[in-house]
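Colleague:
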Amino acid sequence: MRMRFKPYARPELNACAFSVDDPLSQKGTWHQSFVRQQPIHLELGCGKGGFLSRLAVAHPDINYLGVDITDKVLILAKRNIDRQYAAAQREPDNVKIMSLDIERIYNAFDATDTVDRIYINFCNPWNKKCGHKKHRLTHTKQLLLYREFLKDGGEVYFKTDDDDLFADSLHYFPEAGFEIVWKTFDLHKNEPEWNIRTEHEQMFTEMGIPTKALIAVKKPSEFKLVYKKEKVVMSKKAIHTPNAPAAIGPYSQAVQAGNTIYVSGQIPIDPATGEFAATDIAGQTRQSLTNIRNILKEAGADMSNVVKTTVLLKNIADFGAMNEVYAEFFEQPYPARAAFQAAALPKDALVEIECVAVV
Ligand SMILES: C[S@@+](CC[C@H](N)C(=O)[O-])C[C@H]1O[C@@H](n2cnc3c(N)ncnc32)[C@H](O)[C@@H]1O
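So the sequence shown is numbered by our numbering: it starts at 65 and just counts up by one.
#1: Just list the residues that DSSP pairs His508 with in beta bridges.
#2: Cβ atoms of Val137 and Leu164: under 8 Å apart, would you say?
#3: Using the rule of at least 16 other Cβ atoms within 10 Å of the residue's Cβ for burial, across every protein chain shown, is Lys205 buried or exposed?
#4: I need the straight-line Cα distance from Val99 to Lys160, nearest angstrom please.
#5: Is Glu270 near ligand 1, in the sense that its beta carbon is under 7 Å from a heavy atom of that ligand?
#6: Quick check on Met271: buried or exposed, where buried means 16 or more other Cβ atoms within 10 Å of its Cβ?
#7: Given this structure, state the Cα-to-Cα distance separating Met162 from Ser83, to the nearest angstrom.
#8: What residue range is occupied by the uninterrupted beta strand (DSSP E) comprising Ala280?
#9: For Ala73, I'd like the list of residues in its chain whose CB is within less than 8 Å of its CB, leaving aside the five on either flank, ordered along the chain.
#10: Does Ala81 pass the burial test, meaning 16 or more other C-beta atoms within 10 Å, or should it be called exposed?
#11: Checking 8 Å against the spacing of the C-beta atoms, do Pro309 and Ile273 come in under that value?
#12: Is the region 176–184 in contact with the region 96–113, if contact means three or more CB pairs nearer than 8 Å?
#13: For Leu376, does the count of other Cβ atoms within 10 angstroms reach 16, so buried, or fall short, so exposed?
#14: I'd like to confirm the pairing. Which residues does DSSP put opposite Lys136 in its beta bridges?
#15: Just the C-alpha distance for Gln348 and Arg401, rounded to the nearest angstrom, thanks.
#16: Is Leu360 near ligand 1, judged by its Cβ being under 7 Å from some heavy atom?
#17: Near Lys223, what residues of its chain come up, given a Cβ to Cβ distance below 6 Å and the 5 sequence neighbours on each side ignored?
#18: Can we count Cys80 as close to ligand 1, meaning its CB is less than 7 Å from some heavy atom?
#19: Rounded to whole angstroms, what is the Cα-Cα separation between Ala406 and Asn323?
#20: Would you tell me roughly how many angstroms separate the C-alpha atoms of Arg50 and Ala321, rounded to the nearest one?
#21: Buried or exposed: which applies to Val50, given that a residue is buried once 16 or more other Cβ atoms fall within 10 Å of its Cβ?
#22: Give the DSSP-derived three-state secondary structure of Ser352 in the structure shown.
#23: Could you give the distance in angstroms between the alpha-carbon of Ile126 and the alpha-carbon of Asn158?
#24: So for Met65, helix, strand or coil by DSSP?
#25: Would the beta-carbon of Phe383 fall within 8 Å of that of Ala413?
#26: What separation, rounded to the nearest whole angstrom, lies between the Cα atoms of Lys198 and Arg211?
#27: Compute the distance between the beta-carbons of Trp94 and Asp216, then report whether it is under 8 Å.
#28: For Phe383, which residues does DSSP report across the bridge?
#29: Buried or exposed, going by whether 16 or more other CB atoms sit within 10 Å of the CB of Glu416?
#30: Counting along the chain, where does the alpha helix (DSSP H) carrying Tyr170 start and finish?
#31: When you compare each of Ala79, Gly111, Ala151 to Ile166 by their alpha carbons, which one comes out closest?
#32: Runs of 3 residues minimum, wholly inside the region 66–112: which ones carry the beta strand (DSSP E) assignment?
#33: What three-state label does DSSP hand Leu251 in the structure shown?
#34: Which residue marks the beginning of the beta strand (DSSP E) containing Val327, and which one marks its end?
#35: Output needed for Asp225: all residues of its chain with C-beta closer than 6 Å, excluding positions within five of it in sequence on either side, in chain order.
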């Protein structure tokens, strides 16, 4: 349904005590902005507020924040909240609503605004044209933003009518360091007692379209977000294992960036002894590749994930002997490879091997 321009919406929202006029100025102080210090739950894309208003009135021991991008629906959420609290004869002191673009939510929330739970209900991006997937509120890049203020063990409750969005979200959540602890492809078949039907849920149900739903829990992680001009451009984490030589210097044994793992050059040191595992090229190649395999294992990958290697040899005449051992570690389709003779290798090793793997 097309919503008309509502010139009265902003003045009415500005006059409302639980509507936040300038959410950016609240960054880092959301907890203090409530009367009672208690867990915060956030609804992203709250729309007309049918869900938020009933949830908030039923749980005075939780503080609720409803976010939507447009005043045209926020004004209806405001009126719904007024109505529900009036019926319950309570002050709306545990709920706030605000106008904010969720794709830029980092402007209004930081790690001190610890949120316990996020609800995302029927959140298809408006524009279904090119690149619309990146604008999904459950896209991996969005989930990485929510991680910044969602506490470890905090939950995301997600509902949708859209099969593609749900199928893709089953990948987005684990990719962003969440564990999906519950899911259903038809929420109303055995409707949980905690479910509150949203406006869109009701509409799609009447059209015979089942509601898909999941609950995902944030796992603690070493992922770090990398920002450029205040936008997240990637996440990366260092991989460490005692089953490969320790990184001695300003580098990591490996780094995972998104779904790509970059393994540093491995010389044939046995981590158990700190010495070369062998003096010949076959034994040294085996140890370098064993180190790589152990690092990949730590990252949840194996040699079949490797797409590219670089082999540095002290003596290119060792190529054949290196190749024989190398072939034991990989199966077809083999990774791409470059092999060089290097002027010198660390500790006078006969071989050093690095690789790139994709998970
Ligand atoms: C399909 S409606 C669903 C509304 C409600 N959650 C429901 O289930 O009935 C999606 C809502 O998400 C809001 N929305 C979509 N993208 C948004 C964004 N980037 N920032 C803030 N709100 C957004 C829209 O304005 C709209 O109100």
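From the three backbone atoms N, C-alpha and C, an ideal C-beta is built for every residue, glycine too.
The structure displayed is predicted, hence computed values, not measured ones.
Modeller: The relevant details are as follows:
#1: Within the shown structure, residues of the chain are numbered from 65 to 423, placing residue 508 beyond reach of any answer.
#2: Taking the first residue of the sequence shown as 1, we reach residue 164 at position 100. Taking the first residue of the sequence shown as 1, we reach residue 137 at position 73. Going by beta carbons, Leu164 and Val137 fall outside the 8 Å limit.
#3: Locating residue 205 in the sequence shown gives position 141, where the first residue counts as 1. Buried: at least 16 other Cβ atoms inside 10 Å.
#4: Residue 99 sits at position 35 when you count from the first residue of the sequence shown. Residue 160 sits at position 96 when you count from the first residue of the sequence shown. When rounded, the distance between both Cα atoms is 11 Å.
#5: Start at 1 with the first residue of the sequence shown, and residue 270 comes out as number 206. Incorrect: Glu270 has no Cβ contact closer than 7 Å to ligand 1.
#6: As a working note, residue 271 is residue 207 in the sequence shown. With a threshold of 16 other beta carbon atoms within 10 Å, Met271 falls short and is exposed.
#7: On the sequence shown, residue 162 is found 98 positions in, with the first residue counted as 1. On the sequence shown, residue 83 is found 19 positions in, with the first residue counted as 1. The straight-line gap from Cα to Cα measures roughly 6 Å.
#8: Residue mapping note: residue 280 aligns to position 216 of the sequence shown, counting from 1. Note, Ala280: beta strand (DSSP E), 276–282.
#9: For the purposes of this step, residue 73 is taken as the residue at position 9 of the sequence shown. These residues qualify, in order along the chain: Asp135, Lys136, Leu138, Ile139.
#10: Position 17 of the sequence shown holds residue 81. By the neighbour-count rule (16 or more Cβ atoms within 10 Å), Ala81 is not buried but exposed.
#11: Counting from 1 along the sequence shown, the entry for residue 309 is found at position 245. Counting from 1 along the sequence shown, the entry for residue 273 is found at position 209. Cβ atoms of Pro309 and Ile273: not closer than 8 Å.
#12: Counting Cβ pairs under 8 Å, three or more are found: they touch.
#13: Here the question's residue 376 lines up with position 312 in the sequence shown. Buried, because 16 or more other Cβ atoms sit within 10 Å of the Cβ of Leu376.
#14: Along the sequence shown, one-based indexing puts residue 136 at 72. In DSSP, Lys136 forms no bridge with anything.
#15: Locating residue 348 in the sequence shown gives position 284, where the first residue counts as 1. Locating residue 401 in the sequence shown gives position 337, where the first residue counts as 1. For Gln348 and Arg401, the distance between alpha carbons rounds to 18 Å.
#16: Start at 1 with the first residue of the sequence shown, and residue 360 comes out as number 296. Because no heavy atom of ligand 1 lies under 7 Å away, the Cβ of Leu360 does not count as near it: no.
#17: Along the sequence shown, read from residue 1 onward, the residue named residue 223 stands at position 159. Closer than 6 Å at the Cβ level, and outside the excluded window around Lys223, lie Asn185, Thr275, Ala277.
#18: Taking the sequence shown and counting its residues from 1, one reaches residue 80 at position 16. Incorrect: Cys80 has no Cβ contact closer than 7 Å to ligand 1.
#19: Here residue 406 corresponds to residue number 342 of the sequence shown, with the count starting at 1. Here residue 323 corresponds to residue number 259 of the sequence shown, with the count starting at 1. Ala406 and Asn323: Cα-Cα distance of roughly 30 Å.
#20: Residue coverage of the chain in this structure runs from 65 to 423, which leaves residue 50 outside it and unanswerable.
#21: With the chain represented from 65 up to 423, any question about residue 50 goes unanswered, as that position is not in the structure.
#22: Against the sequence shown, residue 352 aligns to sequence position 288. Looking at Ser352 - three-state DSSP - the assignment turns out to be helix.
#23: On the sequence shown, residue 126 is found 62 positions in, with the first residue counted as 1. On the sequence shown, residue 158 is found 94 positions in, with the first residue counted as 1. Roughly 7 Å between the two C-alpha positions.
#24: What you label residue 65 is simply residue 1 of the sequence shown in a count that begins at 1. For Met65, the pLDDT reaches just 47, beneath the cut-off of 50, and the residue's location in the model is therefore unreliable, leaving the point undetermined.
#25: By 1-based counting over the sequence shown, the position of residue 383 is 319. By 1-based counting over the sequence shown, the position of residue 413 is 349. It is not a contact, given that the beta carbons lie outside the stated cut-off.
#26: Sequence index remark: in the sequence shown, residue 198 carries index 134 (1-based). Sequence index remark: in the sequence shown, residue 211 carries index 147 (1-based). Approximately 17 Å between the Cα atoms of the pair.
#27: Position 30 of the sequence shown, counted from the start, is the residue given in the question as residue 94. Position 152 of the sequence shown, counted from the start, is the residue given in the question as residue 216. In this structure, Asp216 does not lie closer than 8 Å to Trp94 by Cβ.
#28: On the sequence shown, position 319 is the one that residue 383 refers to. None, per the DSSP bridge assignment.
#29: Within the sequence shown, the letter at position 352 stands for residue 416. That one is buried.
#30: Position 106 of the sequence shown, counting from 1, holds the residue named residue 170. Premise fails: Tyr170 is in no alpha helix (DSSP H) and is neither H nor E.
#31: By one-based count along the sequence shown, residue 166 stands at place 102. Selected option, being the one with the closest Cα: Gly111.
#32: 104–108
#33: Counting from one through the sequence shown, the residue named residue 251 turns up at place 187. DSSP, read as helix, strand or coil, puts Leu251 in coil.
#34: Reading the sequence shown from its first residue, position 263 is the one you call residue 327. Its beta strand (DSSP E) spans residues 324–330.
#35: On the sequence shown, position 161 is the one that residue 225 refers to. Result list for Asp225: Phe268, Ile273, in chain order.
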